Each structure stands twice: as C-alpha cells, then as structure tokens.
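All residue numbers for the sequence shown refer to full-length UniProt numbering, where the first residue is 1 and numbers rise by one.
C-beta atoms are modelled at their ideal positions from N, C-alpha and C, and glycine is treated no differently.
Every value quoted in this text rests on a predicted model; they were computed, and no experiment measured them.
Worksheet: one structure, shown below.
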Amino acid sequence: MSTACKYKRLPTYVPRRYLYMQLTNPVMPLTNQQKQQISDFSDRIDLIEQGGLITDLDGTLIRQDGGRYFMPDPVSTGLQGIYNTNCPVVINSIRFPLSVINTFAKQWFSISKVSVPLVTLNGSQTGYIHKDKKGGFTFEEVESFPLGQKELASFISDLENITEGGGNALAFYYPRDWKKGEIIWTADPDKVAETKQKYKSASHVHAGDIKSLDQHLGNEDISMIFLLDLREDSGIPARHSDHKDFYTAKNVNKSSGAKNMVKHLDRQIHHFIGAGDTPMDVFLKEVGLALKVGRMDLGFECKSPVVQIDHIEDIGDVFNEIAISCTRSKILSDHR
C-alpha cells in the first residue's frame, strides 16, 4: 500500500498480532475514484477553517485482539498526519469518558499533543479530555443530557418484562459524574463476583431488586443505560450489539452529540469528515464526507459521498490522503 508515512524496519521478532492482522486483514490500496472523492472534499480550505474530522473509535480506528484494544500503526501514523495540518479531530464514541481515558488517552495524546473534544455515551455527554500537569488525564464536561423520568420508566418497564418472564438481565448505567464510570446491576447476588470478572471496565457491581435499582437511578443524573438481556444465554451475549437496548434522553444520539460539539467549536458539521462503522454512527448522515469502515449495513442514507473502507488499517491511507490535501489547500490559501 502506498502511504505518505515512513516505514520502520521490522524487528527480528514480529508479534503474532501483527502477522495475524496482515493475513486476515490485508491492507487494500485506495482506488483512483476513492482518492478523487477524498481530494474533492479535503482540498477545500473549509475543512481546516470550519470543519475537521469526527470519528468513532471501536471498529473504526480501534481493533481488538485478545481483550486488548489498540490503534494499528497505519492508523496512528495517518492520524498524526491530520493533526500535523492543524485539522481538528473529535472523538464520537459510545464509550463512557473514564473508559476512553483508561483505554486510549495515553496513546491518543502522544499523537495529538492537545486536549481532545469528546462526544460520549451515544451523544449524552460532550466535553474535553485534558492532560494534567502530573501526566494524568481528566474529563471536562461541556454539555450533558441525562435521562428524564419517562426514559427511566421505560427502562424499568422493559427490565420488569424480562424478569417477570423468568429471564435474567444486567443493567449497565453511567452517571453524569464521569468519575463514577460504569456501574452494573444484577438481580442475583451470586452473580456479582462473576460479573466483576467478566466486565473489568466496571467501577462497581451490585445486586438488588428492581425497586432498589429504580431508587438508585432516581438519586442522580444518569447519562445512559444499557440493558443486556440474558434470556438467550448461550454464554454472555456481545455487548453494544443492538442499539434498541440503549436508553438515552429523547432525541439524543451520536448525531445530536456531534452537532452539539461542533456548535461549541464554532464550526459547521457539513464541513466535517466523519468516520464510523455501525448503525449507531448516525452522525455520518450529516457530515460532508463519510468514511464507512467494514461491510455492516448502516440502515440509513448519507447526504454526502461515502468512501467504503474494508478494514480498519485502510483508514490510515485515507488519513494520509486527507493530510496531503489539507496541506495543499493551506499552501494555496496562504498564497492567495
């Protein structure tokens, strides 16, 4: 694959993860048509001055291998190129702030060197990840849209329907106070230890009846709830697989979150390039150029051209093309 980055000499020992990625996800060069789509949009100075890049994380820039989440080298190199052009980058993730910080902040800040605008929890909370003087990371909220009484009542009703039918469920909930992280509820006290072991990202796991859970949720602002239905229990089902199991405030999603953050940045979303991979990435409908990673059907139409990217690693090449175009447009603008 042709890229604008410099390749490092491989060490004598090549990690098995690297070899696996190359065998199962061969990097495909961009077609001339794709390059033209990218340059037609990113050659405009509006991308730098009024837009930027807004991107999902998991499945778009981030790969999972053996429980470890990481950004492949071609992606980090391409992302570095975009930052080098002073093009703003916004993260738009279903993850909660503490998860983004614990999992990605160190690597991301080694690339960005600046605070990162973040849309989190399916659009429920926006803000910035900052690096403090001691080298740690913190989240600063800009806006929050916690669940109202109707949304909470809808969740409790759905949970009761599951349990009254003899089923089991886990409730993952995310307080507005980002430092509390992810809290998991189970009806079975005997499942607390097992749940803690399975979901290491959780800050706290507790058991109780639905009435006590309802009281917990009513005592503070809750940004989002994820209901994991275990009725079809052939092992724990994959999390974050069905957006119908997510509960947020009315009309709150990754599109509304993107618009709110872009407005805060005093920019316009139709001047942004968006990258995503699932039907939850509805902000792709609003951007000026959409980068779709993988072959999952999004279930919606985008207003703008769509660049199809088969593998996560390939988006690094796209970022290189964007960086080249941004540099070119900046030079032309400076000489007008």
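In this structure, Gly59 keeps its C-beta atom at 9 Å or more from the C-beta atom of Thr248. For Glu160, the enclosing alpha helix (DSSP H) begins and ends at Gln149 to Glu164. Close CB contacts of Pro189 within its chain, under the 7 Å cut and outside five residues either way in sequence, are with Ala207 (chain order). A distance of 9 Å or more separates the beta carbons of Asp229 and Asp209.
Of the other Cβ atoms in all chains shown, 16 or more fall within 10 Å of the Cβ of Asp56; this residue is therefore buried. Out of Leu147, Glu151 and Lys106, the CA that lies nearest to the CA of His130 is found in Lys106. The C-beta distance from Ile156 to Asp214 rounds to 5 Å, short enough to fall under 8 Å. Take Asp221, set aside five residues on each side of it, and the residues of its chain with a beta-carbon closer than 6 Å to its own are Pro146 and Arg176, in chain order.
In the same chain as Gly167, and ignoring 5 residues on each side of it, the C-beta atoms closer than 8 Å to its own belong to Asp229, Leu230 and Arg231, in chain order. DSSP places Asn86 outside both helix and strand once states are collapsed to three, so it counts as coil. Taking the C-beta atoms as reference points, Ser201 is found no nearer than 9 Å to Asn122.
Excluding sequence positions up to five before and after Leu152, its CB lies within less than 6 Å of the CB of Leu217, all in the same chain and listed in chain order. Looking at Ser256, Lys254, Val192 and Gln149, the one whose alpha-carbon comes closest to that of Asn219 is Gln149. In terms of Cα proximity to Val293, the closest of Ile184, Asp43, Ser42 and Arg63 is Arg63. For Ile184, the three-state secondary structure derived from DSSP is strand. Annotated three-state conformation of Leu47 is helix, per DSSP.
Nearest in C-alpha terms to Phe226, of all of Val262, Met261 and Thr186, is Thr186. With respect to the C-alpha of His204, the residue from Ser223, Ile184, Met261 and Ile111 having the closest C-alpha is Ile184. If you check the CB distance, Val89 and Ser124 do not come in under 9 Å.
CA-CA distance, Ser154 to Ser223, rounds to 15 Å.
Considered as a whole, the segment 249-286 harbours 254-264 as its complete alpha helix (DSSP H) runs of no fewer than 4 residues, in chain order. Three or more beta-carbon pairs drawn from the segment 114-121 and the segment 251-264 are found closer than 8 Å, and the two stretches are therefore classed as touching. Taking the C-beta atoms as reference points, Ile48 is found no nearer than 9 Å to Lys250. From the listed residues Gln80, Asp281, Phe96 and Pro72, the smallest Cα separation to Glu321 is found for Gln80.
In the three-state scheme derived from DSSP, where H, G and I count as helix and E and B as strand, Arg328 is classed as helix. Val114: not part of any alpha helix (DSSP H); DSSP gives it neither H nor E. Where Ile210 is concerned, the enclosing alpha helix (DSSP H) starts and stops at Ile210 to Gly218.
Secondary structure at Glu141: strand, using DSSP grouped into helix, strand and coil.
Cβ contact annotation for Lys254 (same chain, cutoff 7 Å, sequence separation greater than five): Asn92, Val119, Asn122, Gly123, Met280, Asp281, Val282 and Phe283, in chain order. The beta-carbon separation of Glu286 and Pro72, rounded to 27 Å, does not stay under the 8 Å limit for a contact.
The beta carbon of Gly276 sits closer than 6 Å to the beta carbons of Asp56, Thr60 and Leu284 from its chain, once the five residues preceding and following it are set aside; these are given in chain order. For Ile54, the CB contacts under 6 Å within the same chain, skipping 5 residues up- and downstream, are Val90, Asn92, Ala258, Phe272 and Gly274 in chain order.
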